[in-house]
Amino acid sequence: MKTLEKISALAGKYFAVLVIIAAVISFIFPFAFLVFGSFITLLLGVVMFGMGLTLKPVDFKLIVTKPLPVIIGIAAQYTIMPLVAFGIAYLLRLPPELAAGLVLLGSVPGGTASNVMVYLARGNVALSVAMTSFSTMLAPIMTPLLLYLLAGQWLPVNPVAMFLSIIQVIIIPIILGFLVQRFFPVAVEKSIAVVPLISVTAILIIVTAVTAANAANVASAGALVFAAVFLHNSFGLFLGYFTARLIGLNENDRRAISIEVGMQNSGLGVSLATTHFSPLAALPSVWGAIWHNISGPIIATIWANKSPDKRDVKLKKAN
Numbered sequence: 001m002k003t004l005e006k007i008s009a010l011a012g013k014y015f016a017v018l019v020i021i022a023a024v025i026s027f028i029f030p031f032a033f034l035v036f037g038s039f040i041t042l043l044l045g046v047v048m049f050g051m052g053l054t055l056k057p058v059d060f061k062l063i064v065t066k067p068l069p070v071i072i073g074i075a076a077q078y079t080i081m082p083l084v085a086f087g088i089a090y091l092l093r094l095p096p097e098l099a100a101g102l103v104l105l106g107s108v109p110g111g112t113a114s115n116v117m118v119y120l121a122r123g124n125v126a127l128s129v130a131m132t133s134f135s136t137m138l139a140p141i142m143t144p145l146l147l148y149l150l151a152g153q154w155l156p157v158n159p160v161a162m163f164l165s166i167i168q169v170i171i172i173p174i175i176l177g178f179l180v181q182r183f184f185p186v187a188v189e190k191s192i193a194v195v196p197l198i199s200v201t202a203i204l205i206i207v208t209a210v211t212a213a214n215a216a217n218v219a220s221a222g223a224l225v226f227a228a229v230f231l232h233n234s235f236g237l238f239l240g241y242f243t244a245r246l247i248g249l250n251e252n253d254r255r256a257i258s259i260e261v262g263m264q265n266s267g268l269g270v271s272l273a274t275t276h277f278s279p280l281a282a283l284p285s286v287w288g289a290i291w292h293n294i295s296g297p298i299i300a301t302i303w304a305n306k307s308p309d310k311r312d313v314k315l316k317k318a319n
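Below, the structure is given as structure tokens:
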């Protein structure tokens with residue numbers, strides 16, 4: 001078990017590198033990974049089950065005791081990211097499937113990797129976890145609604161079918177994980193260190209499956225899609241931070257909201273795009289899975305070397 005725990009820690013630490021390697025290998029040898037395409041939904045369910053195993057009632061306490069930062073953060077996430085995606089799709093004149101895929105990436109909730117990035121950035125981890133949890137619970141309503149309003153002009157969107165998909169892929173596995181953790185705490189406590197390894201493995205397989213299905217598209221449109229994802233993520237990080245600063249939140253909260261807004265649940269984007277649109281529409285979420293796990297550690301490292309407390313003192317003195 002200790003060996004697995006060490007491997008799990010390494011997998012989490014070098015996740016971005018592993019995603020890039022997986023994408024490159026599946027791009028070069030796509031035929032070897034096409035078989036995994038039918039397991040994308042199941043694999044995402046495994047990831048969400050792992051998230052449920054780590055959730056505790058205290059994770060939702062902040063929503064009741066200090067709701068303003070959570071509400072502001074989630075409102076920013078579900079407005080900034082889909083609208084920025086919509087604008088970038090128009091400005092870059094993305095083909096319909098890629099445009100809808102980018103809006104989908106902007107309309108999904110925050111990803112669990114953001115919690116780790118906020119911790120490394122010395123941000124408010126409790127706020128980050130609350131935002132991830134609450135935005136995920138809102139996803140069955142918000143994601144189909146936003147897609148219907150913003151992406152319907154490019155591809156037909158069935159919000160009811162998408163609602164049911166998110167319930168099946170996200171909400172049910174999270175609830176099951178939460179119940180297992182609630183009723184079998186000792187067993188979960190002994191095995192929880194291995195959960196990141198299972199989640200990383202599942203996401204890597206998802207990335208290989210979608211990259212293999214899009215090998216030709218990656219070669220022809222890969223640079224354009226990456227540019228769109230890069231801009232989308234950059235605007236999300238900046239506008240998330242700016243929004244939190246505008247309403248007077250402290251530096252710890254700003255960092256948490258910035259990273260939560262900028263980093264999306266790319267796995268959900270891949271699953272929904274593959275199920276309801278096409279493999280091509282999943283390409284922005286694949287690039288998102290790669291780039292978010294590169295930009296996240298970069299900004300976390302920068303902020304980790306700047307004390308939030310000192311910054312707040314300076315701001316207070318300036319005011």
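Anchor point for the sequence shown: position 151 equals 151 in UniProt numbering, and the numbering is continuous, going up by one each time.
Yeah, the Cβ is synthetic: ideal placement off N, Cα and C, and Gly gets one too.
Segments assigned alpha helix (DSSP H), at least 4 residues, entirely inside the segment 236-310: Taking only runs of at least 4 residues, the alpha helix (DSSP H) segments lying wholly in the segment 236-310 are 251-262, 266-276, 283-304.
G87 (DSSP reduced to helix, strand or coil): Assigned with DSSP and collapsed to three states, G87 falls in helix.
Of the residues L98, I175, F49, F277, the one placed nearest P159, counting alpha carbons only: Of the candidates L98, I175, F49, F277, the one whose C-alpha sits nearest the C-alpha of P159 is F277.
Straight-line Cα distance separating M81 from R255: Each residue's Cα considered, the two are about 16 angstroms apart.
Nearest to M137 (by Cα), restricted to the options Y148, V108, L147: If we check each option's Cα against that of M137, V108 comes out closest.
DSSP-derived helix/strand/coil call for G50: Looking at G50 - three-state DSSP - the assignment turns out to be helix.
Own chain partners of residue 320 with C-beta closer than 6 angstroms, once the 5 adjacent residues on each side are dropped: Past the edges of the chain, shown from 1 to 319, lies residue 320, and the structure says nothing about it.
Unbroken stretches of the alpha helix (DSSP H), 4 residues or longer, contained in the segment 169-229: List check, alpha helix (DSSP H) in window: 172-183, 185-191, 195-213.
Identified DSSP bridge partners for G37: None, per the DSSP bridge assignment.
Reduced DSSP secondary structure (H/G/I, E/B, other) of G111: In the three-state scheme derived from DSSP, where H, G and I count as helix and E and B as strand, G111 is classed as coil.
Three-way DSSP call (helix, strand, coil) for F29 in this model: Taken through DSSP and simplified to helix, strand or coil, F29 comes out as coil.
Contact under 9 angstroms by Cβ, G123 with D253: In this structure, G123 sits near D253, with a CB-CB distance shorter than 9 angstroms.
Beta-carbon proximity check, L98 vs P284, cutoff 9 angstroms: Yes. Within cutoff.
Residue burial classification, A281 (beta-carbon count within 10 angstroms, cutoff 16): Under this definition A281 is a buried residue.
C-beta atoms of V19 and N293 nearer than 9 angstroms: Remark: C-beta atoms of V19 and N293 approach each other more closely than 9 angstroms.
7 angstroms CB neighbourhood of A126 in its chain, flanking five on each side removed: Here A126 has L62 as same chain residues with Cβ atoms under 7 angstroms from its own Cβ, once five neighbours each way along the sequence are excluded.
Whole-angstrom C-beta distance between I74 and residue 375, which should lie under 8 angstroms: This structure cannot settle anything about residue 375, because the visible part of the chain is limited to 1 through 319.
V225 classed as buried or exposed, judged by whether at least 16 other C-beta atoms fall within 10 angstroms: Flag for V225 reads buried.
Close beta carbons around I259, own chain, < 6 angstroms, minus the five adjacent residues each side: Annotation for I259: S114, M117, V118 place their beta carbon closer than 6 angstroms to its own, counting only its chain and skipping 5 residues before and after.
Coarse secondary structure for N233, derived from DSSP in three states: In the three-state reduction of the DSSP assignment, N233 falls in the helix class.
Option in I175, T208, T274 with minimal Cα separation from L34: Checked all of I175, T208, T274; the closest Cα to L34 is T208.
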